[in-house]
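Chemist: Before anything else, here's the structure in question.
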Amino acid sequence: MAAAGLFLLAFAAQAVIWRRRRPRAQYTGLLGLYLGAFVLVTAGLVAARLACAEAARALPQAPLDYATFALLYVGLVLAFGTTYSAVQADSPTMSVLLAVEATGGRGLGLAELLDRFTDRVLVVPRLDDLVLGGLARLRDGRYVIAPRGVLFARTFVLFRRLLGFERGG
Amino acid sequence: MFALSPLVGLGACVAAHVIVSRLAPAWPRARGVVVSVLAGGGVVLTLGLRFLGGPATAASAPAGYVLAWGLTYLALAYTYVFGFFNVSETARRLRLLVELLDAGPRGLSLDEVLGAYNARMIVEARLRRLVAGGQLALADGRYVLRWSLGLSAAKLLVGIKRLLLRAPSEFGAGPPPPR
């Protein structure tokens, strides 16, 4: 309960902050916000327990309580972070479904979909993300992978080899 | 130790996914994912039942712990499936990174990137998956909706976008402010 409550509080704080001024480094902002909320609340719980406050009886008491609280909170934040990638960047699959639905049953042909979902919509913004996120650099009009990008790409290439799958995308 | 059961379950889920993918490559990928998540869930459930039957039940509300571990496992499994496996399967940023990795230190121009990976490939791959999954049907050369689970998820995401970005799409939200 405490973990879910803290997550909802942090989400409400995110909604307020993001609507006013979305951070440029969105994932760093997310991490700072949710981690900061966790540290603050955990410190508050420990302080309340040390002070033997009456209200602290309902709060985590034993190490098992804290471990369960921390893991559930981390799990919820990770799951939300995963979902947030589809909030920050439009998913092509979801966009196709919404576009087809908007026709009210008439449907869309491949040519109409390709007119709507161009390289400027689907590819160029994601290249910009790579540059902004420090995973690639734009040098003399050429995109070059950065060391962080190499590490990131190799991790997933290795993972797919482990599964025995071909290249994704 | 029992508090770590969600992590043990996640490990079992990933191991099961590797084994299933290797032993049954012809299976639809969604089936492999479901089997793996169930395998990890089985491990968490087994550990939870051992906890309930052991001396640790002196703790108050032991079933509450098991419920919390189950929820934690579900959150971690969701992260693995959608944040790791699905990213490796469909994410454009990762695919672009892999193209840049293959290109080496010379890198790629925009035209070269688009030669290797472009909007047509992205749209056609999604349409194939949506038709194979029964969410879209191709009738008289037009794609029409059949099944609405993906659409419901898309509408939920639009709701979160409206709440956080004040727009239904990344293109309506405008760029984040400069640093």
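The listed protein sequences correspond, in order, to chains H and W. Every letter in the first sequence is one number past the one before it in this note's numbering, and letter 112, counting from 1, is 113. Every letter in the second sequence is one number past the one before it in this note's numbering, and letter 70, counting from 1, is 439. Glycine included, C-beta positions come from ideal geometry on N, C-alpha and C. Just so it is clear, the structure is predicted and the values come from calculations on it, not from any experiment.
If we define contact as Cβ-Cβ less than 8 Å, is W/G422 a contact residue for chain H?
Modeler: One-based indexing of the second sequence puts residue 422 of chain W at position 53. It does not; no Cβ of chain H falls within 8 Å.
Chemist: Should W/A432 and W/S405 be called a contact, given that it needs their Cβ atoms to be closer than 8 Å?
Modeler: Here residue 432 of chain W is taken as the residue at index 63 of the second sequence, counted from 1. Here residue 405 of chain W is taken as the residue at index 36 of the second sequence, counted from 1. Against a cut-off of 8 Å, the Cβ pair of W/S405 and W/A432 comes out as no contact.
Chemist: Could I get the ranges of all uninterrupted alpha helix (DSSP H) runs contained in the segment 452-518 of chain W, with 4 residues as the minimum, in chain order?
Modeler: 455-459, 461-472, 479-485 and 488-501
Chemist: Use the C-beta contact count for H/W19: other C-beta atoms within 10 angstroms, 16 or more gives buried, fewer gives exposed.
Modeler: Along the first sequence, one-based indexing puts residue 19 of chain H at 18. Flag for H/W19 reads buried.
Chemist: Rounding to the nearest angstrom, what Cα-Cα distance links W/N487 and H/T43 in this structure?
Modeler: As a working mapping, residue 487 of chain W is identified with position 118 in the second sequence. As a working mapping, residue 43 of chain H is identified with position 42 in the first sequence. Cα to Cα, W/N487 sits roughly 47 Å from H/T43.
Chemist: What residue range is occupied by the uninterrupted alpha helix (DSSP H) comprising H/L164?
Modeler: In the first sequence, the residue the question calls residue 164 of chain H occupies position 163. It spans P148 to L164 - the alpha helix (DSSP H) in which H/L164 sits, taken as one unbroken run.
Chemist: Using 10 angstroms around the beta-carbon of W/D480, count the other beta-carbons present and answer buried if the total reaches 16, otherwise exposed.
Modeler: Taking the first residue of the second sequence as position 1, residue 480 of chain W is located at position 111. Exposed.
Chemist: Should W/Y512 be labelled buried (16 or more other beta-carbon atoms within 10 Å of its own) or exposed?
Modeler: For the purposes of this step, residue 512 of chain W is taken as residue 143 along the second sequence, with counting starting at 1. Buried: at least 16 other Cβ atoms inside 10 Å.
Chemist: Using only alpha-carbon positions, find the residue among H/Y74, H/L131, H/F153 and H/A154 that is nearest to H/R143.
Modeler: Taking the first residue of the first sequence as 1, we reach residue 143 of chain H at position 142. Of H/Y74, H/L131, H/F153 and H/A154, the residue nearest in Cα terms is H/L131.
Chemist: Could you check if H/G150 is buried or exposed, using at least 16 other CB atoms within 10 Å of its CB as the buried criterion?
Modeler: As a first step, residue 150 of chain H is located in the first sequence; it is residue number 149 there, counting from the start. By the 10 Å Cβ count, H/G150 comes out buried.
Chemist: Does H/L139 come out as helix, strand or coil in the three-state DSSP assignment?
Modeler: Taking the first sequence and counting its residues from 1, one reaches residue 139 of chain H at position 138. Three-state DSSP puts H/L139 in a strand.
Chemist: Identify whether H/G108 lies in helix, strand or coil by the three-state DSSP scheme.
Modeler: Residue 108 of chain H sits at position 107 when you count from the first residue of the first sequence. In this structure, H/G108 counts as coil in the three-state DSSP scheme.
Chemist: For the candidate residues H/F157, H/L133, H/G108 and H/F160, whose alpha-carbon lies nearest to that of H/A147?
Modeler: Looking up residue 147 of chain H in the first sequence gives position 146. Out of H/F157, H/L133, H/G108 and H/F160, H/L133 has the C-alpha closest to the C-alpha of H/A147.
Chemist: Do H/Y85 and H/A4 have their C-beta atoms within less than 8 Å of each other?
Modeler: For the purposes of this step, residue 85 of chain H is taken as residue 84 along the first sequence, with counting starting at 1. For the purposes of this step, residue 4 of chain H is taken as residue 3 along the first sequence, with counting starting at 1. Going by C-beta atoms, H/Y85 is not nearer than 8 Å to H/A4.
Chemist: Would you say H/V88 lies against chain W (beta-carbon separation less than 8 Å)?
Modeler: As a working note, residue 88 of chain H is residue 87 in the first sequence. It does: the Cβ of H/V88 has a partner Cβ on chain W nearer than 8 Å.
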